[in-house]
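Enquirer:
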Ligand SMILES: [Zn+2]
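Numbering (the working numbering), first residue to last: 569 to 785.
1. For residue 668, which of helix, strand or coil comes out of DSSP?
2. Whose C-alpha, out of 746, 680, 748, is nearest the C-alpha of residue 758?
3. Looking at C-alpha atoms only, which residue of 711, 579, 783 is the closest neighbour of residue 765?
4. Going by alpha carbons, who is nearest to residue 581 out of 657, 609, 613, 597?
5. Would you check if the distance between the CB atom of residue 737 and the CB atom of residue 673 is smaller than 8 Å?
6. Measuring CA to CA, which of 605, 697, 769, 576 is closest to residue 688?
7. Just checking, does the region 687-702 make contact with the region 728-743 on the three C-beta pairs under 8 Å criterion?
8. Rank 667, 620, 646 by C-alpha distance to the C-alpha of residue 635 and give the top, closest one.
9. Quick one: what does DSSP say residue 583 is sitting in, helix, strand or coil?
10. Near residue 595, which residues of its chain fall below 7 Å by C-beta distance, leaving aside the five closest residues on each side in sequence?
11. With 16 as the cutoff for other CB atoms within 10 Å, does residue 725 come out buried or exposed?
12. Any idea which residues DSSP pairs residue 655 with across the strands?
13. Label residue 750 either buried or exposed according to how many other C-beta atoms from any shown protein chain fall within 10 Å of its C-beta, with 16 as the threshold for buried.
14. Please classify residue 604 as buried or exposed, where buried requires at least 16 neighbouring CB atoms within 10 angstroms.
15. Is residue 712 near ligand 1, in the sense that its beta carbon is under 7 Å from a heavy atom of that ligand?
16. Going by C-alpha to C-alpha distance, which of 587, 585, 592 sits closest to residue 785?
17. Of all the options 600, 661, 714, which has the alpha carbon lying nearest to the alpha carbon of residue 609?
18. From residue 664 to residue 721, what does the alpha carbon distance come to, in whole angstroms?
19. So is the beta-carbon of residue 766 under 7 Å away from any non-hydrogen atom of ligand 1?
20. Can the beta-carbon of residue 794 be found less than 8 Å from the beta-carbon of residue 659?
21. What would DSSP say about residue 733, mapped onto helix, strand or coil?
22. Put residue 685 into one of helix, strand or coil per three-state DSSP.
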């Protein structure tokens with residue numbers, strides 16, 4: 569195997585992409601002889617934070633853009649990601665949440681020249697996700713996660729609050745419907761598109777996916 573294998577995980581926010589990534593990693597180690605350093609998780613959110621923190625040229629551009637109230641432009645995200653994919657020394661690269669716009673999909677097409685690529689899309693209905701996180705809270709004092717029952721932390725009696733991510737979830741889901749769903753429709757045109765039900769188990773997805781892509785592993 570010469571080319572790196574890029575696996576793109578697409579799905580709604582809070583639909584369990586991190587869980588799928590860890591199942592893939594387990595499967596690759598258990599049945600395909602991969603070691604820790606052979607697999608890398610790459611999240612565009614993390615990359616953006618890093619660029620900004622290190623005040624790189626891209627980071628400054630991103631900063632300026634976000635101050636003006638816009639989302640990070642696709643061209644910057646694409647460039648950042650391509651640099652990272654070339655830089656990281658791993659055989660399998662698992663992308664969390666990329667591509668997420670139609671503009672990013674056109675770039676994804678070009679990635680296929682340099683890398684073997686495949687997409688995993690898990691289609692979880694929005695109302696199921698909202699239901700799942702409805703009662704999820706963390707304690708403002710001790711930080712432990714739990715379900716809201718009597719309104720107070722069951723460990724220390726502290727105030728229970730929504731996780732920051734959960735509080736903005738409805739907005740992020742709306743953005744997903746508007747921006748990412750059309751991107752998914754385009755991605756479906758590619759050969760290596762694998763779609764799974766929202767209820768499918770992570771282990772099962774990992775097993776099926778790896779078997780179907782054995783030639784890249
Ligand atoms: Zn507590």
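Beta carbons: idealized from backbone N, C-alpha and C, even for Gly.
Expert: With the structure as the only source:
1. On the chain shown, position 100 is the one that residue 668 refers to. Three-state result, residue 668: coil.
2. For the purposes of this step, residue 758 is taken as the residue at position 190 of the chain shown. When each option's Cα is compared against that of residue 758, the closest is 680.
3. Translated into the one-based positions of the chain shown, residue 765 becomes position 197. Residue 579 is the option with its Cα nearest to residue 765.
4. Along the chain shown, read from residue 1 onward, the residue named residue 581 stands at position 13. Minimum Cα distance to residue 581 is reached at 613.
5. The residue given as residue 737 occupies position 169 in the chain shown. The residue given as residue 673 occupies position 105 in the chain shown. Against a cut-off of 8 Å, the Cβ pair of residue 673 and residue 737 comes out as no contact.
6. For the purposes of this step, residue 688 is taken as the residue at position 120 of the chain shown. It is 576.
7. yes
8. Walking along the chain shown from the start, residue 635 turns up at place 67. When only C-alpha atoms are compared, the closest one is 620.
9. What you label residue 583 is simply residue 15 of the chain shown in a count that begins at 1. It is coil, neither helix nor strand.
10. As a working note, residue 595 is residue 27 in the chain shown. Answer for residue 595: 774, 775, 778, listed in chain order.
11. Taking the chain shown and counting its residues from 1, one reaches residue 725 at position 157. Exposed: under 16 other Cβ atoms inside 10 Å.
12. By one-based count along the chain shown, residue 655 stands at place 87. Answer by DSSP bridge pairing: none, since residue 655 is not bridged.
13. Position 182 of the chain shown, counted from the first residue, corresponds to residue 750. So residue 750 ends up on the exposed side.
14. Within the chain shown, the letter at position 36 stands for residue 604. Result: exposed.
15. Taking the chain shown and counting its residues from 1, the one referred to as residue 712 is at position 144. True, at least one ligand heavy atom lies under 7 Å from that Cβ.
16. Taking the first residue of the chain shown as 1, we reach residue 785 at position 217. When only C-alpha atoms are compared, the closest one is 592.
17. The residue you call residue 609 lines up with position 41 of the chain shown. Cα-wise, what sits closest to residue 609 is 661.
18. As a working mapping, residue 664 is identified with position 96 in the chain shown. As a working mapping, residue 721 is identified with position 153 in the chain shown. Taking the straight line joining both Cα atoms gives about 32 Å.
19. Translated into positions along the chain shown, residue 766 becomes position 198. Every heavy atom of ligand 1 is 7 Å or more from the Cβ of residue 766, so no.
20. It is not possible to answer for residue 794, since the shown part of the chain is limited to 569 through 785.
21. As a working mapping, residue 733 is identified with position 165 in the chain shown. If DSSP states are grouped into helix, strand and coil, residue 733 belongs with the helices.
22. Taking the first residue of the chain shown as position 1, residue 685 is located at position 117. Note: residue 685 maps to strand in three-state DSSP.
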